[in-house]
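**Student:** For the record, the sequence lines run as chains A and B. Numbered per this note's numbering, the first sequence spans residues 3 to 773. Numbered per this note's numbering, the second sequence spans residues -18 to 156. C-beta: ideal position from N, C-alpha, C; glycine also. Remember, predicted model here, so these are calculated numbers, not experimental data.
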Amino acid sequence: MEQWARREDRRLLSGRGRFVADVAVPGCLDAVFVRSRIAHGVVRDVDCAAAREVPGVVGVWSAADLSGLPACAHAAARLQDLPPVPHTLLAKLSTAEAVAGREWPALAKDRVRYAGEAVAVVVGEDRYRAEDGAAEVAVRIDPLPAVVTPSAAADDSVLLFDGRSNTAFRGEAGTPIDETVWQEAAAVVEARYRQQLLMPTPMECRTILAVPEQDGRLTVWSGHQMPHRLRSELAALLGMPVDRIRVVVPDTGGAFGSKSAAFPEFVTVVYLAVMLGRPVRWIEDRLESMTAATRGRGQDQRVRLAADADGHLLAYELQIDADVGAYPHLGVGLPMQTAWMATGPYATPRVHASVRSVLTNTMVTYPYRGAGRPEATIALERSMDLLARRLGLDPAELRRRNFIPADDVPYQTPTGRCYDSGNYAAALDLALETIGYDTWRAEQTRRRHDPYALPLGIGLSCYVERSGGEPGGLHDFAGIEAHEDGTIIARCGAASSGQSHETTFPALVAATLGVDESRVRLIEGDTDAQPEGLGSFASRSAQVDGAALHHVSALLIDLARERAADLWGMPVEEVEWSDGSVHHIRDGSAAMDVAELVKATGPLSVDDRFESGMGFPFGAHAAVAEVDPELGTVRVLRLVVVDDCGVVLNPAIVRGQAFGSAVQGIGQALYEGIPYGDDGVPLLAGGLLDYLLPTATEVPPIEVKETRTPSPITPLGAKGAGESGCIGTPAAIVNAVADALQIADPGLLQMPLTPDVVWRAARATKYEGAR
Amino acid sequence: MKITLTVNGDDYPLDVEPRRILADVLREDCRLTGTHLGCEHGVCGACTVLVDGKAVRSCLMLAVQCDGRSVRTVEGLAGPDGEPHPLQRAFSAEHALQCGFCTPGFLMVAAGALEADPTIGDDPERVHGLVESNICRCTGYEPIRRAIMRAAAESAFADPSGGGEEPAAGGRPEF
Ligand code: FES
Ligand code: FES
Chain A
3 MEQWARREDR
13 RLLSGRGRFV
23 ADVAVPGCLD
33 AVFVRSRIAH
43 GVVRDVDCAA
53 AREVPGVVGV
63 WSAADLSGLP
73 ACAHAAARLQ
83 DLPPVPHTLL
93 AKLSTAEAVA
103 GREWPALAKD
113 RVRYAGEAVA
123 VVVGEDRYRA
133 EDGAAEVAVR
143 IDPLPAVVTP
153 SAAADDSVLL
163 FDGRSNTAFR
173 GEAGTPIDET
183 VWQEAAAVVE
193 ARYRQQLLMP
203 TPMECRTILA
213 VPEQDGRLTV
223 WSGHQMPHRL
233 RSELAALLGM
243 PVDRIRVVVP
253 DTGGAFGSKS
263 AAFPEFVTVV
273 YLAVMLGRPV
283 RWIEDRLESM
293 TAATRGRGQD
303 QRVRLAADAD
313 GHLLAYELQI
323 DADVGAYPHL
333 GVGLPMQTAW
343 MATGPYATPR
353 VHASVRSVLT
363 NTMVTYPYRG
373 AGRPEATIAL
383 ERSMDLLARR
393 LGLDPAELRR
403 RNFIPADDVP
413 YQTPTGRCYD
423 SGNYAAALDL
433 ALETIGYDTW
443 RAEQTRRRHD
453 PYALPLGIGL
463 SCYVERSGGE
473 PGGLHDFAGI
483 EAHEDGTIIA
493 RCGAASSGQS
503 HETTFPALVA
513 ATLGVDESRV
523 RLIEGDTDAQ
533 PEGLGSFASR
543 SAQVDGAALH
553 HVSALLIDLA
563 RERAADLWGM
573 PVEEVEWSDG
583 SVHHIRDGSA
593 AMDVAELVKA
603 TGPLSVDDRF
613 ESGMGFPFGA
623 HAAVAEVDPE
633 LGTVRVLRLV
643 VVDDCGVVLN
653 PAIVRGQAFG
663 SAVQGIGQAL
673 YEGIPYGDDG
683 VPLLAGGLLD
693 YLLPTATEVP
703 PIEVKETRTP
713 SPITPLGAKG
723 AGESGCIGTP
733 AAIVNAVADA
743 LQIADPGLLQ
753 MPLTPDVVWR
763 AARATKYEGA
773 R
Chain B
-18 MKITLTVNGD
-8 DYPLDVEPRR
2 ILADVLREDC
12 RLTGTHLGCE
22 HGVCGACTVL
32 VDGKAVRSCL
42 MLAVQCDGRS
52 VRTVEGLAGP
62 DGEPHPLQRA
72 FSAEHALQCG
82 FCTPGFLMVA
92 AGALEADPTI
102 GDDPERVHGL
112 VESNICRCTG
122 YEPIRRAIMR
132 AAAESAFADP
142 SGGGEEPAAG
152 GRPEF
C-alpha cells in the first residue's frame, strides 16, 4: 500500500473505480426525461404516442399516465400514483408550512415552473433508444410571464402558485436595531450585494440505479452524500418498510452539497423500477444538469454597518431577499444559515438579519459548498472595507479593533450562535505576514503615482463558518468490530464523494487502538452494512464521524479489557490495553492480541450513536489583484488562505480540500454565473463553454496556511474543513478589485466580476480622496 | 456496422451502430469503464483516451472512426506486469486526485504528451498547457501540474536520450 498516498488511489488511477454508471446490471433500462423548454407555463398536452412506437423504447409516461391509477390486480397494484418530491426537514432547510399547498410533482402535471422541469419520462433498452423516444414526445405548453429574481417575484404580480404569495418563508436572527443607533453613529455605510446563482458542478452529474431484487427488496445505487436519508425518503414514497431498501453509494465523483436529496428524477426512476419490476437507471448528463440540477447561493442583500469615530462597530443589519427557485422543498430555509452567521468574527453589539425567501422561475436552490456562509461573509467583509475607507482606517486595522477576543470564546453572538473556539486575530496576522501585506501596500502606493502602472488592490476577508450540522442533526452512528484474523472493521454513517474517508478514518482508528493501519478497513455508504447513519454534509465527516469512530474505538478498548478480565479472573482495573493487545498491568504472562481475545471469547463489536456540538471553523484570506481598466480583466497575483479547522486528521488531505475550495471561491468571484433571458430560460446553450468553471489558466499562486485552535465540542477536537475557500475567498478577491478601482459605489461590482462588469466599474466615479 | 477496435493491445471485434460515440462503446461494449463522461460536449476532457497515440475526446469521436486503430485507455496505463505508470504513482504522491472522476482524462492527456516527448518536463509552460486542457472541480489543478512534472522528471531520467523526435506530437487533445 505504501506506493499509494491514499487507499482510494489504486483503483481510481487504474480505471477500476466504480461509479454508478459503471455498475453493470443485466437487463438494466435507461431513463431519459423530456423537459420543459419554457420557464413558466400551463401544460396543455404531452403526447407520448409516437414515442411509444420507437424501437427499443420500453415505456413512455407523462404525469397524467401515472396519476389517478385504478387499483387493479396488476403485479404492482400496491403502487399508488407517482408520488411527489419530498421536502427537507433537516437543518430546517424546508418547513411543512412553506410546502403546504405547493406540491412539487416528480413529473409536472398542469404547470411548469422552471425551464428544465420534467414533463415525461422515457425508458429504453439503452440511452440511445430512450433518447430516440424522448425526441418523439410532443409537448405543448402555453407560456406565462416568468420571474427570475427575488425582487421581481416578491411583488406577486406573477404568481407561481395560484392564490399563494411567492414569498414562502420569512425569518430573522437577532433583534431589530433602533433607528437612533444609525442616526447617532459617527460612520454608517450602506450597500446592496447580489450573491449570484451558481452551479455546484461536480464532474460526475447525478446518478441513480434502482434494482428490484428477487426477494422483493430494492437495491438503490446512487452517488449520494446521505444514503440513509435517501433510503428513508424512498421507503416513505413507495410505502415500503425501510429495511426492504438497501442504498449503496459507490465511488462518487464530487458532490459539494448538491447530492444529498431525493430529486424529482430519483422519485420517478425508483417508482418505475418497482412498477416495471426491472432495473432502471438515470445517469444525468451535463446539459441536463445545467438546467435541472439544484443551484447554490442566490441572494439580493441590503446592508448597513455603523461604527463610532474610533472604528468600533456599533451595529450591523443584513436584509436578505433569497431566490429559492420554483419550489420551497429543498432550500426555503437555507438563507437562515446566512442570517445566523451574520455576526462574523466581530464583537458587534447589535446585529440583526432578516430573510425573505421568494419563489422564482428557476431551478431550486439547495446547499452548495459553503451553503449560506459565503453569502454572510461576502456581505460583511465587503462592508468592512467600505467602512474602513469611510473612517480612513487600514482595513486590517479596522478588523483587528473589532475581533471577538480569543479570551471571550465561547462567545454568544447576537444572531444566536455560540462560537466554540476562535482566535481570529492570529489567523489574520498569519495571512498578512504570509502575503507580505506592507510590501504590497507600498507597491500599491507606487503604482498610484505611476500613470502607466496597472492599478493594484489588496483584499482581506475574515470569516467564521459553522460545521457539523444544526441541532437535531449533529450526531452520527459508528461501529467497530475486531475479527479473529486480526482485521478491524470500522463503520460509520458518512459517505465520501472525494474526501478520502477510506484513508483517513482507518488511520484514525488504528492510531486510537495502537494497531497497524493495514489491519483496519472502513465500511460506509451501504445501508445494509451500517444500518443507521446521517451522512456527509456541513463539513461534518471528520468532526462528527471522526469523533464517533474515535469514541467507538475507545468503547472497544473498554470492552476488550472487560473480556480479558473475565477470562483471566482479574479485576478490570488491572487489565490494560496497548498497541492492540490486552495485558495485565504486572503479570507479563497474561497478554493477548485483540484477535486472540476474539478467538478465545467470541466476536467483539461495539456500535454507538455519537453527538457533537456545532463547530465554528474560521480563517482569514488575503488576495492581491491587478486590474486592466482598458480590458476589464482581473489578474489575481497572489492568494493566501489561512484556515483553522482545529485538530487535523490528515494534513495533506485537508490542504488539498482548502486549495480546491479556494479555486471554487475564485469561480464565484470572477467567472461563474447563470445568465437568464427575459423569458426565464438560462442562456447556456454552449454548456460548459457558457458557464465558466475555473481551469488551470485561472488559478493564481495560492498559499494555504493554517492555525490550529482545537474545538472543545468533541474529544477529538476536529472542526469542519473543506468549505473554507468558498466562504473566505470570494470577498478577498472582490475587495482587492474594489481597492484597485477605488470606486465610490460598491454596487457596481457584483459577482461574477466579468470583464464587462470591471470595465464599467473602472469608468465610474471614484471615492473621495482616491488617487 | 462491424468494426475491430484494438484497445490496450486487445482486439475487440464489435458490431456497433455508427452513431455510437467511442466513449460509450469503450464503456458499455468493451466494459472498460475507466473512461468517464463529464460533459459529453468536448469541454471537460474526462473522456480523453489515446487513439494511435494522440489524445482525443472520446465523447466527440464515433467508435466507427476508430475501426482498425489502436486505442489506449486508463486501464492500459500500467505496465504488463501491473507495475504502475510513473504518472499513476506521481498523481497519488502529489494528491492530484480527490474524487477521481476527472483523473483518467488528465492521466491520458499527460501520458500521450509524455510518451511523444519525455522531455516536456523541461518546459513547465507545456505542462501547464496540458493541465489547462481539462476540467477538475476538486483539486484546483496545482497538484495535477506537480504530478505531471514529477512523472516527467522521472521519465526523462529513465530516458536520458530525450526520446521522441517530434516534440509537438500528441501533446494537446485533438478536437
Ligand atoms: S466528456 Fe467532457 S470532453 Fe468528453
Ligand atoms: S478529482 Fe474530482 S473532479 Fe478532479
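Answer with yes or no whether the minimum CB distance from Phe72(B) to chain A is below 7 Å.
**Tutor:** Here the question's residue 72(B) lines up with position 91 in the second sequence. It does; some Cβ of chain A falls within 7 Å.
**Student:** Residue range of the beta strand (DSSP E) that Ile491(A) falls in?
**Tutor:** Residue numbering aside, residue 491(A) sits at position 489 when the first sequence is read from its first letter. Run containing Ile491(A): Ile490 to Cys494, per the beta strand (DSSP E) assignment.
**Student:** So if DSSP puts His586(A) in a beta bridge, which residue, or which two residues, is it bridged to?
**Tutor:** Sequence index remark: in the first sequence, residue 586(A) carries index 584 (1-based). Paired residue(s): Val577(A).
**Student:** Report back the beta-carbon spacing between Val644(A) and Gly621(A) to the nearest angstrom; my notes put them in contact at under 8 Å.
**Tutor:** Reading the first sequence from its first residue, position 642 is the one you call residue 644(A). Reading the first sequence from its first residue, position 619 is the one you call residue 621(A). Between Gly621(A) and Val644(A) the Cβ distance is about 5 Å, and since that is below 8 Å, they are a contact.
**Student:** Is Asp610(A) close to chain B? Criterion is C-beta to C-beta, closer than 7 Å.
**Tutor:** Here residue 610(A) is taken as the residue at index 608 of the first sequence, counted from 1. Answer no: the Cβ-Cβ gap between Asp610(A) and chain B never drops below 7 Å.
**Student:** Would you check whether ligand 2 has a heavy atom nearer than 6 Å to the C-beta of Met205(A)?
**Tutor:** The sequence position of residue 205(A) within the first sequence is 203, counting from 1. Yes; taking the cut-off as 6 Å, the Cβ of Met205(A) has a heavy atom of ligand 2 nearer than that.
**Student:** When we look at the beta-carbon of Lys707(A) and count the other beta-carbons within 10 Å, is it buried (16 or more) or exposed?
**Tutor:** Residue mapping note: residue 707(A) aligns to position 705 of the first sequence, counting from 1. So Lys707(A) ends up on the buried side.
**Student:** How would you list, in chain order, the residues of chain B whose beta-carbon sits under 8 Å from the beta-carbon of Leu690(A)?
**Tutor:** Counting from 1 along the first sequence, the entry for residue 690(A) is found at position 688. Near Leu690(A) (Cβ distances below 8 Å), the residues of chain B are Cys20, His22, Val24, Cys25 and Ile116.
**Student:** Which full runs of the alpha helix (DSSP H) of 4+ residues lie inside the segment -14 to 61 of chain B, going along the chain?
**Tutor:** Fully enclosed alpha helix (DSSP H) runs of 4 or longer: not present.
**Student:** Tell me which residues share the same chain as Ala567(A) and place their Cβ nearer than 8 Å to its Cβ, disregarding the 5 neighbours each side in the sequence.
**Tutor:** Stepping through the first sequence from its first residue, residue 567(A) is reached at position 565. Only Pro573, Val574, Glu576 and Val577 meet the Cβ criterion.
**Student:** Compare the Cα-Cα distances from Asp680(A) to each of Ser663(A), Asn363(A) and Asp32(A) and report the closest residue.
**Tutor:** As a working note, residue 680(A) is residue 678 in the first sequence. Nearest C-alpha to Asp680(A): Asn363(A).
**Student:** Mind checking if Asp547(A) is an interface residue toward chain B, Cβ cutoff 7 Å exclusive?
**Tutor:** Walking along the first sequence from the start, residue 547(A) turns up at place 545. For Asp547(A), the answer is no, since every Cβ of chain B falls outside 7 Å of its Cβ.
**Student:** In whole angstroms, what separates the C-alpha of Ala660(A) from that of Val701(A)?
**Tutor:** In the first sequence, residue 660(A) corresponds to position 658, counting from 1. In the first sequence, residue 701(A) corresponds to position 699, counting from 1. Distance between the alpha carbons of Ala660(A) and Val701(A): 14 Å.
**Student:** Of all Cβ atoms in chain B, is any one closer than 7 Å to the Cβ of Pro204(A)?
**Tutor:** The residue you call residue 204(A) lines up with position 202 of the first sequence. At least one chain B Cβ lies under 7 Å of Pro204(A).
**Student:** Are there 16 or more other CB atoms within 10 angstroms of the CB of Ile2(B), so buried, or fewer, so exposed?
**Tutor:** Taking the first residue of the second sequence as 1, we reach residue 2(B) at position 21. Result: buried.
**Student:** Using a Cβ cut-off of 8 Å, pull out every chain B residue sitting near Val626(A), in sequence order please.
**Tutor:** Translated into the one-based positions of the first sequence, residue 626(A) becomes position 624. Simply none; closest approach about 18 Å.
**Student:** What residues sit near ligand 1, counting only those whose C-beta is closer than 6 Å to one of its heavy atoms, in chain order?
**Tutor:** Residues with a Cβ closer than 6 Å to any heavy atom of ligand 1, in chain order: Leu18(B), Gly19(B), Cys20(B), Glu21(B), Gly23(B), Val24(B), Cys25(B), Gly26(B), Ala27(B), Cys28(B), Arg38(B) and Cys40(B).
**Student:** With a threshold of 6 Å (Cβ to nearest heavy atom), would Thr120(B) be considered close to ligand 2?
**Tutor:** Sequence index remark: in the second sequence, residue 120(B) carries index 139 (1-based). Yes, since a heavy atom of ligand 2 falls inside the 6 Å radius drawn around the Cβ of Thr120(B).
**Student:** Is it the case that the CB of Cys117(B) approaches a heavy atom of ligand 2 more closely than 6 Å?
**Tutor:** Taking the first residue of the second sequence as position 1, residue 117(B) is located at position 136. Yes, since a heavy atom of ligand 2 falls inside the 6 Å radius drawn around the Cβ of Cys117(B).
**Student:** Taking only runs of the beta strand (DSSP E) that begin and end inside the segment 297 to 345 of chain A, which ones reach a length of at least 3 residues, in chain order?
**Tutor:** As far as the segment 297 to 345 of chain A is concerned, its whole beta strand (DSSP E) runs of at least 3 residues are 298 to 309 and 315 to 325.
**Student:** List, in order along the chain, the chain A residues whose C-beta lies closer than 9 Å to that of Pro65(B)?
**Tutor:** Here residue 65(B) is taken as the residue at index 84 of the second sequence, counted from 1. Under the 9 Å cutoff, chain A gives Gln5, Trp6, Arg12, Leu15 and Ser16.
**Student:** For the segment 40 to 51 of chain B against the segment 215 to 234 of chain A, are there 3 or more C-beta pairs whose distance is under 8 Å?
**Tutor:** No, the segment 40 to 51 of chain B does not touch the segment 215 to 234 of chain A.
**Student:** Tell me which residue opens and which closes the alpha helix (DSSP H) that Val736(A) is part of.
**Tutor:** Numbered from its first residue, the first sequence carries residue 736(A) at position 734. From DSSP, the alpha helix (DSSP H) with Val736(A) extends over Ser726 to Leu743.
**Student:** As a quick exercise: from Pro619(A), Gly535(A) and Val62(A), pick the residue whose alpha carbon is nearest that of Ala52(A).
**Tutor:** In the first sequence, residue 52(A) corresponds to position 50, counting from 1. Considering only alpha carbons, the answer is Val62(A).
**Student:** For the 8 Å Cβ check, are there 3 or more pairs between the segment 749 to 766 of chain A and the segment 647 to 655 of chain A?
**Tutor:** Cβ pair count under 8 Å is below three, so no.
**Student:** Please confirm whether Thr120(B) has its beta-carbon closer than 7 Å to some beta-carbon of chain A.
**Tutor:** Within the second sequence, residue 120(B) is the residue found at index 139, counting from 1. Yes, its Cβ sits closer than 7 Å to a Cβ of chain A.
**Student:** So with CB distances below 7 Å, who are the chain B contacts of Ala2(A)?
**Tutor:** No statement about residue 2(A) is possible, as the shown extent of chain A runs from 3 to 773 and does not include it.
**Student:** Output needed for Ala110(A): all residues of its chain with C-beta closer than 8 Å, excluding positions within five of it in sequence on either side, in chain order.
**Tutor:** For this step, residue 110(A) is matched to residue 108 along the first sequence. Contacts found: Ser38, Val45, Ala65, Glu119, Ala120 and Val121.
**Student:** If you draw a straight line from the alpha carbon of Gln216(A) to that of Ala154(A), how long is it in whole angstroms?
**Tutor:** If you number the first sequence from 1, residue 216(A) lands on position 214. If you number the first sequence from 1, residue 154(A) lands on position 152. About 52 Å.
**Student:** Taking 6 Å as the cut-off, does the CB of Gln339(A) come closer than this to any heavy atom belonging to ligand 2?
**Tutor:** Here residue 339(A) is taken as the residue at index 337 of the first sequence, counted from 1. No, Cβ of Gln339(A) sits at least 6 Å from all heavy atoms of ligand 2.
**Student:** Using the DSSP secondary-structure output, state which residues sit across from Arg401(A) in a beta bridge.
**Tutor:** Position 399 of the first sequence holds residue 401(A). Beta-bridge pairing links Arg401(A) to no other residue.
**Student:** Taking Gln79(B) as the reference, which of Gln5(A), Pro204(A) and Ala625(A) has the closest Cα?
**Tutor:** Against the second sequence, residue 79(B) aligns to sequence position 98. Comparing Cα-Cα distances from Gln79(B) to each of Gln5(A), Pro204(A) and Ala625(A), the minimum goes to Pro204(A).
**Student:** Contact between the segment 462 to 470 of chain A and the segment 165 to 175 of chain A is defined here as three or more beta-carbon pairs at a separation below 8 Å; is this criterion met?
**Tutor:** Judged by Cβ distances under 8 Å, the segment 462 to 470 of chain A makes no contact with the segment 165 to 175 of chain A, as fewer than three pairs qualify.
**Student:** Pull up the CB-CB distance for Ala355(A) and Ala175(A), whole angstroms please, since I reckon it's below 8 Å.
**Tutor:** In the first sequence, the residue the question calls residue 355(A) occupies position 353. In the first sequence, the residue the question calls residue 175(A) occupies position 173. Sure, about 5 Å apart at Cβ, within 8 Å.
**Student:** Which residues mark the beginning and the end of the alpha helix (DSSP H) in which Phe661(A) is found?
**Tutor:** For the purposes of this step, residue 661(A) is taken as residue 659 along the first sequence, with counting starting at 1. It spans Pro653 to Ile668 - the alpha helix (DSSP H) in which Phe661(A) sits, taken as one unbroken run.
**Student:** Using beta carbons (cut-off 7 Å, strictly below), is Val55(B) in contact with chain A?
**Tutor:** Position 74 of the second sequence holds residue 55(B). Yes, Val55(B) lies at the interface with chain A (some Cβ there is under 7 Å from its Cβ).
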